[in-house]
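FYI, in this note's numbering the residues of the sequence shown are 5 to 403.
Here a beta-carbon is modelled for each residue, glycine too, at the ideal position from N, C-alpha and C.
A quick note: this is a predicted structure, and the numbers were derived from the prediction, not measured.
Contents: one structure, followed by commentary.
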Amino acid sequence: MDTTLTAQEGNEADDFDLPDDWLRLCDPDLSGVELQLVQAALEEPQLSCGRMVQHFEQGFARHHGRRHGIAVASGTIATWLLLRALGIGPGDEVVASPYGWHQVGHAVTLTGARLVFADINYWSGCLDPVRAAGQIGPATKALLVGNVNGHPADWGAFETLATERGLALLEDSTEAIGSRWRGRLVGSFGRASVFDFSQPSALCCGEGGMVLTDDDALAAELRYLRARSLKDRRSVSVGSRVPLQAAMSELTAAVAAGQLARLPEILARRLQVAGYYLAQMQTFEGIKPPYVAPDVDEVHWMVYTVHLGKRFTASACDEIIEDMADDSIEAVMYCQPLHQQFHYVQQGWRRGQFPLVERIADRAVALPFHGHLQPDHVRFIVKTMKDSSVNVGAGAAIY
């Protein structure tokens, strides 16, 4: 039987299946370890709510110094469940940045609460604590603060702000794993933190997410809301809350557990690739090394992002991406800010309200970044981008 996957004709086909010789934006670092754990999971009597999920949850929480890990189907679902477990819903507001890759801020909208945007720190790309403070109002219940593209936010300032204003501080670490701020791993901040394990995350299991917390009661509520267990099917108290069938499968957890066991190796290899880019970018006039804040000890980028100069328009960036595609290089704009997306425009948000977000988002191009890249690959990627940038116009970096 022919098991070849086919895609529909048109643009969807182009997006669905890239040729094997393409330099892809992301390519998970998998090994025999993950395969062995998947085989072990297949030999278990449970493919749902079994030992592999518990093993991954416990290991991931322990790695980050947290008491509890609650594995779910995606980072957005993790954020939605967390907000719901905290009682955040219609009539409430959550302050967040409109800038990011996974854009789990959509989860705020899904709860019925209002997502209130604030501008970012120009250098790190993360939510700015001073600007966030200016958006806090009587209905604000939480701050959703992201470690954008792996760079930690200003956690000292946000912890102070949340305490002074009586708000829940929630860490969006869907774009970061392994980075450190003042010696602390991302994922260890706030009332709870959320992760995403889809591509291009360094720890990738296809699709998946996690909530980490030290709060026993919050962890119990998250587990109740995630899915109804067999022992809870006749529980009156548990039945008072409507659950979501959002648990991670045993097979997904097996891949994730293998990735977690190999995480130091995976991150070390990605640092090597970042070094290849750094060396090649030295000859790219106007492009400076990625910014790392003084309080940040270590950054593990989710993708390698280049910020083009102010003289490059958004359409010029699109041309560069198209030119790179002609040479079988997969590159994309890093972010389409939430406040410019139609759903939020209908709510009154508009371009021009967050100039720093727009200034960066218009010119931030994400390049292939994964452990399979070799120096020659990176040299070719950077040369292709340089040649294309000359064709569409010259400019200095945003820095």
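Tell me where the beta strand (DSSP E) around F64 begins and ends. First-last for F64: R55 to H67, but that is the alpha helix (DSSP H), not the beta strand (DSSP E).
Label E38 either buried or exposed according to how many other C-beta atoms from any shown protein chain fall within 10 Å of its C-beta, with 16 as the threshold for buried. buried
Using the beta-carbon count (16 or more within 10 Å), is R227 buried or exposed? buried
Look up W127 in the DSSP assignment and say whether it is helix, strand or coil. coil
Can you give me the start and stop residues for the beta strand (DSSP E) that D200 sits inside? A196 to D200
Judging by CA-CA distance, which residue of R188, P94 and A157 is the nearest neighbour of V296? A157
Based on the DSSP output, what are the partners of A368 in its beta bridges? H311
Leaving out five residues before and five after S128 in sequence, what residues of the same chain have Cβ atoms less than 6 Å from its Cβ? H155 and A297
Cβ neighbours of A265 in the same chain (closer than 7 Å, five flanking residues each side left out): V37
Stretch pair the segment 177-185 + the segment 43-63: three plus CB contacts closer than 8 Å: no
Cα separation between A143 and V215? 24 Å
With a threshold of 8 Å on Cβ separation, who are the neighbours of A89 within its own chain once the five nearest residues in sequence on each side are excluded? L222, E225, L226 and L229
Is the beta carbon of L174 sitting closer than 7 Å to the one on Q263? no
So, for A400: in the same chain, excluding its five sequence neighbours on each side, which residues have a beta-carbon less than 6 Å away from its beta-carbon? With a pLDDT of 42 at A400, under the threshold of 50, the modelled position of this residue cannot be trusted, and the question is left open.
For the alpha helix (DSSP H) containing G36, name the first residue and the last one. G36 to L46
Taking T178 and H106 to be in contact with their CB atoms under 8 Å, please state how far apart those CB atoms are, rounded to whole angstroms. 4 Å
Backbone CA spacing between Y260 and L46 [nearest angstrom]: In the sequence on display, residue 260 carries Ala and not Tyr. Near 15 Å, if we compare the C-alpha coordinates of L46 and A260.
Residue environment, S52, which counts as buried when at least 16 other CB atoms sit within 10 Å: exposed
Among the candidates S319, A368 and L87, whose CA atom is the shortest distance from the CA of H311? A368
Taking a contact to mean a Cβ-Cβ separation below 7 Å, would you say A320 touches M328 in this structure? no
Between the Cα of P102 and the Cα atoms of M389, E362, K390 and G375, which residue gives the shortest distance? E362
Taking C-alpha atoms, which residue in R232, P294 and Q40 lies nearest to S244? R232
Proximity of A136 and A172 at Cβ, strictly below 7 Å: no
Just the C-alpha distance for I385 and T113, rounded to the nearest angstrom, thanks. 38 Å
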